[in-house]
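Asks: Under the UniProt record's numbering, the first residue of the sequence shown carries the number 1, and numbering increases by one thereafter.
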Amino acid sequence: MIHNQRSQSTYEPEEHGEERLEEWIQEYGHDLKWLAYSYVKDYAIAEDITQETFIKAYQKYTSFKKESTIKTWLYKITINLCKDHLKSSYMKRVVKKGTELFRSIPSTKETPEEFVLQQDEDETLLAHVLKLEDKYREIIILYYFEEFDINELANVLNTSPNTVKTRLRRARQLLQERLTSEGSSQSE
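1. Under 8 Å, with one C-beta from each stretch per pair, do the segment 165-181 and the segment 126-133 reach the 3-pair mark?
2. I need the straight-line Cα distance from Lys96 to Ile25, nearest angstrom please.
3. Does DSSP classify Thr99 as helix, strand or coil?
4. Mind checking if Tyr61 is an interface residue toward chain D, Cβ cutoff 8 Å exclusive?
5. Contact check, Leu35 vs Tyr75 under 8 Å by CB: the rounded distance?
6. So the candidates are Thr62, Lys65, Ala46, Ser160; which of them puts its Cα closest to the Cα of Asn80?
7. CA-CA distance, Phe64 and Thr180?
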């Protein structure tokens with residue numbers, strides 16, 4: 001009897017659950033896919049992880065404790081799924097070749113030339129961010145691209161705010177060193 005109650009509360013969210021899910025997909029889908037891609041560096045796997053995040057969130061919403069925002073909760077699920085995937089035996093057997101950057105739709109506010117120049121700069125920065133060690137990459141992405149504050153980051157990453165600040169400072173230093181060394185080698 002208890003088992004049946006548990007599966008009902010887990011797999012049958014309350015009324016309006018599907019509407020909530022659609023809102024989450026609209027609001028967070030692209031960002032979660034981007035986050036997953038930053039971990040797994042494979043677009044198809046990032047899409048799968050994003051779908052799995054929404055499925056898990058839909059199924060587990062009734063057990064969501066509301067100690068954080070929905071955004072933080074979804075990001076935490078995504079990060080955990082990415083880490084699980086990277087630890088899996090599948091990842092140990094597969095050799096990944098190349099990377100595919102997300103393609104963005106050009107803004108109508110800029111000229112095509114401005115868009116191409118900005119896209120090139122963005123791709124260069126993104127390439128450097130993706131080359132960072134996991135703990136620095138996730139900090140940069142969540143802080144700058146997803147605009148999490150220090151306390152939200154500490155919650156998502158299960159660490160202290162001081163650790164987040166230290167990693168953020170070190171990640172900035174690493175990026176600056178890499179961008180500076182690339183700039184000086186290109187000018188020679």
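Using N, Cα and C, we set each Cβ at its ideal position, and we do this for glycine too. A quick note: this is a predicted structure, and the numbers were derived from the prediction, not measured.
Replies: Quick answer:
1. yes
2. At Lys96 the pLDDT is 38, less than 50, meaning the model places this residue with poor confidence and gives no usable figure here.
3. Low local confidence applies: a pLDDT of 34 at Thr99 is under 50, so the model's placement there is unreliable, with the coordinate-based value given in what follows. The answer is coil: DSSP assigns Thr99 none of H, G, I, E or B.
4. The structure shown contains no chain D; it holds only a single protein chain.
5. 7 Å
6. Ala46
7. 44 Å
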